[in-house]
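Asker: I'd like to ask you about the structure that follows.
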Amino acid sequence: MRPEAVLPLVNREAGEVICHRPTGPVTVGRLLGEARALAARLPAAGHTINLCADRYRMLLGFTAALLRGHPTLLNADASPHRLRALAEAYPGTYLLADKPVASELPLVLVEDKAAEDWTGPVPMLPAAQLAAIAFTSGSTGQPTAHRKPWDALVAAALAAAERFALRPSDGPPGSVLATVPPQHMYGFETTIMLPLQAALACHTGEAFFPSDVLDALDGLPPRRLLVTTPLHLRALLAERRRPAPLAAVISATAPLAMSMAEAVERDWGAPMLEIYGASEAGSMASRRTALEPDWLPYPGIGMGQGEVHVPGLGAVPLADAVEPAPGGRFRLLGRRADLVKPGGRRASLADLNRVLMEVTGVEDGVFVAPEDIERNPAARLSAYVVAPGRSAEEILAALRLRLEPVFLPRPLVLVPALPRNGLGKLTRAALAELRLAAATP
1 MRPEAVLPLV
11 NREAGEVICH
21 RPTGPVTVGR
31 LLGEARALAA
41 RLPAAGHTIN
51 LCADRYRMLL
61 GFTAALLRGH
71 PTLLNADASP
81 HRLRALAEAY
91 PGTYLLADKP
101 VASELPLVLV
111 EDKAAEDWTG
121 PVPMLPAAQL
131 AAIAFTSGST
141 GQPTAHRKPW
151 DALVAAALAA
161 AERFALRPSD
171 GPPGSVLATV
181 PPQHMYGFET
191 TIMLPLQAAL
201 ACHTGEAFFP
211 SDVLDALDGL
221 PPRRLLVTTP
231 LHLRALLAER
241 RRPAPLAAVI
251 SATAPLAMSM
261 AEAVERDWGA
271 PMLEIYGASE
281 AGSMASRRTA
291 LEPDWLPYPG
301 IGMGQGEVHV
311 PGLGAVPLAD
321 AVEPAPGGRF
331 RLLGRRADLV
341 KPGGRRASLA
351 DLNRVLMEVT
361 GVEDGVFVAP
371 EDIERNPAAR
381 LSAYVVAPGR
391 SAEEILAALR
401 LRLEPVFLPR
411 PLVLVPALPR
421 NGLGKLTRAA
431 LAELRLAAAT
441 P
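Its first residue numbered 1, the sequence shown is counted upward by one per residue in UniProt numbering.
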């Protein structure tokens with residue numbers, strides 16, 4: 001019988017720094033020692049929901065669950081309804097958290113407890129071990145689950161480390177600060193998996209406001225990376241304060257406006273990089289937005305028509321429409337569900353949103369297609385826009401210079417804010433409520 005394939009839990013030396021905490025740096029050896037102690041306190045079997053807000057404690061809980069053989073459910077929603085639904089779907093579910101949670105589920109508190117540093121060989125895990133289950137954001141309907149075996153997570157982290165020059169041979173270790181929660185696939189890959197597999201240490205404190213983010217960056221050693229979203233990036237740029245020198249800024253979760261990418265490169269002197277990914281397949285490609293219109297797949301990723309081939313996962317259905325581009329790259333046409341053809345003219349809602357966000361004075365905005373756009377020749381797009389000091393007529397006049405008449409929103413509704421979640425996404429339910437509120441006299 002062939003031995004089962006195994007992979008290391010950590011692809012780093014025990015003395016390397018893996019986290020930067022307010023109390024000081026944390027080494028790999030300390031992480032593994034504390035994870036061993038925490039694993040001994042976990043149930044014998046089950047699934048864990050890791051709600052830790054402190055990124056080190058999230059990493060500690062995830063590592064302990066791996067040692068115990070428990071999959072982590074990547075979920076940031078601590079509402080009783082959501083926790084109850086997950087517990088019903090996954091037997092033996094328990095919570096890991098760094099503060100009390102209002103829930104009937106068993107809770108293990110992740111606290112700072114002294115433990116002997118790990119000595120000896122790095123723990124090895126079965127390559128096929130189910131390490132995590134990710135859930136879609138709900139932007140296109142109900143969240144759906146996607147299983148992540150350990151070898152798939154490791155392959156994605158190693159590919160990202162190669163792409164962003166974070167391997168030990170690429171230079172000094174990096175430091176990453178993220179404005180996205182570690183329970184989201186994007187934050188999980190960049191601030192939990194990458195530190196385990198690349199020469200990178202994560203900032204563990206919470207940074208809610210732009211000034212907090214900029215102050216935290218000042219306290220990190222170079223090479224600094226900022227992992228963020230277009231929504232958070234817009235607020236950071238509005239501070240008009242140059243951050244500490246950055247090796248790169250990385251954005252995902254929503255299309256990045258060209259004007260924003262150019263502002264980062266011009267005002268901050270840092271490469272503005274964008275990741276293309278999805279909960280189903282993880283991170284798949286990147287580009288330097290201000291210089292490259294097309295996406296370059298990660299090593300090992302194979303883009304196909306309607307699917308993507310991912311190491312450790314195989315063929316994964318792709319919700320986005322893509323087309324080949326020169327140099328082994330591909331062009332992203334947008335979600336298949338977002339492609340609209342009013343009046344027989346095709347466009348992507350993502351591209352229309354990008355044009356809208358580039359209108360002077362627009363702080364936020366979204367195009368919305370009616371349910372009957374494919375079957376009703378008279379159906380038209382609408383738009384909801386946050387633009388203090390601008391009128392709907394002024395915004396429409398600017399859009400006329402960039403869009404064909406059939407794509408102009410009818411109506412364009414000015415609103416004080418869009419109901420985005422913490423990642424800057426608009427769920428289908430939130431958009432339905434927005435349409436209902438706009439239609440109510």
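No residue lacks a Cβ here, since even glycine has one placed at the ideal position from N, Cα and C.
Does the distance from the CB of residue 38 to the CB of residue 95 come in under 8 angstroms?
Answerer: No, they are not a contact pair.
Asker: Does residue 435 come out as helix, strand or coil in the three-state DSSP assignment?
Answerer: Note: residue 435 maps to helix in three-state DSSP.
Asker: Could you compute how far the alpha carbon of residue 175 sits from the alpha carbon of residue 200?
Answerer: C-alpha separation (whole angstroms): 6 angstroms.
Asker: Thinking residue 165 and residue 197 are a contact (beta carbons under 8 angstroms), I'd like their distance in whole angstroms, please.
Answerer: Not a contact, Cβ separation roughly 14 angstroms.
Asker: Counting pairs of beta carbons, one from the segment 336–355 and one from the segment 372–385, are three or more of them closer than 8 angstroms?
Answerer: Result yes; three or more Cβ-Cβ pairs closer than 8 angstroms.
Asker: In angstroms with no decimal places, state the Cα-to-Cα distance between residue 348 and residue 321.
Answerer: Approximately 10 angstroms, taken between the alpha carbons.
Asker: How big is the Cα-Cα spacing for residue 2 and residue 123?
Answerer: Low per-residue confidence applies at residue 2: pLDDT is 44, beneath 50, and the placement is therefore not dependable enough to give any value.
Asker: Three or more C-beta pairs closer than 8 angstroms, one from the segment 27–44 and one from the segment 230–240: is that the case here?
Answerer: Because the criterion of three Cβ pairs below 8 angstroms is not met, the segment 27–44 and the segment 230–240 do not touch.
Asker: Ends of the beta strand (DSSP E) at residue 251?
Answerer: That run of the beta strand (DSSP E) goes 248–251.
Asker: Is the CB-CB distance between residue 117 and residue 171 below 8 angstroms?
Answerer: Cβ distance not < 8 angstroms, so residue 117 and residue 171 don't count as in contact.
Asker: Please list the segments of the beta strand (DSSP E) lying wholly inside the segment 271–311, counting only runs of 3 or more residues, in order along the chain.
Answerer: Fully enclosed beta strand (DSSP E) runs of 3 or longer: 272–278, 282–288, 307–310.
Asker: I need the boundaries of the beta strand (DSSP E) containing residue 22, first residue and last residue.
Answerer: First-last for residue 22: undefined, no H or E at that position.
Asker: With burial defined as no fewer than 16 other Cβ atoms inside 10 Å of the residue's Cβ, what is the status of residue 253: buried or exposed?
Answerer: Label assigned to residue 253: buried.
Asker: Once DSSP output is grouped into helix, strand and coil, what is the label at residue 84?
Answerer: The answer is helix: DSSP assigns residue 84 an H, G or I state.
Asker: From residue 303 to residue 391, what does the alpha carbon distance come to, in whole angstroms?
Answerer: C-alpha separation (whole angstroms): 42 angstroms.
Asker: DSSP three-state label for residue 334, please.
Answerer: If DSSP states are grouped into helix, strand and coil, residue 334 belongs with the strands.
Asker: Short of 6 angstroms in beta carbon distance, which residues of its chain neighbour residue 274, apart from the five on each side in sequence? Order them along the chain.
Answerer: Same-chain partners within the cutoff: 251, 256, 287, 289.
Asker: Cβ atoms of residue 125 and residue 217: under 8 angstroms apart, would you say?
Answerer: Contact flag unset, no.
Asker: If I measure Cβ to Cβ from residue 78 and keep anything under 7 angstroms in the same chain, skipping five residues before and after, which residues do I get?
Answerer: Taken in chain order, the residues that qualify are 51, 101.
Asker: In whole angstroms, what is the alpha-carbon distance linking residue 6 and residue 312?
Answerer: So the alpha carbons of these two residues sit roughly 13 angstroms apart.
Asker: From this set, 369, 272, 177, 155, which residue's C-alpha is nearest residue 281's C-alpha?
Answerer: That would be 155, whose Cα lies nearest to the Cα of residue 281.
Asker: Please return the same chain residues whose Cβ sits closer than 6 angstroms to the Cβ of residue 58, not counting the five positions on each side in sequence.
Answerer: 50, 52, 182.
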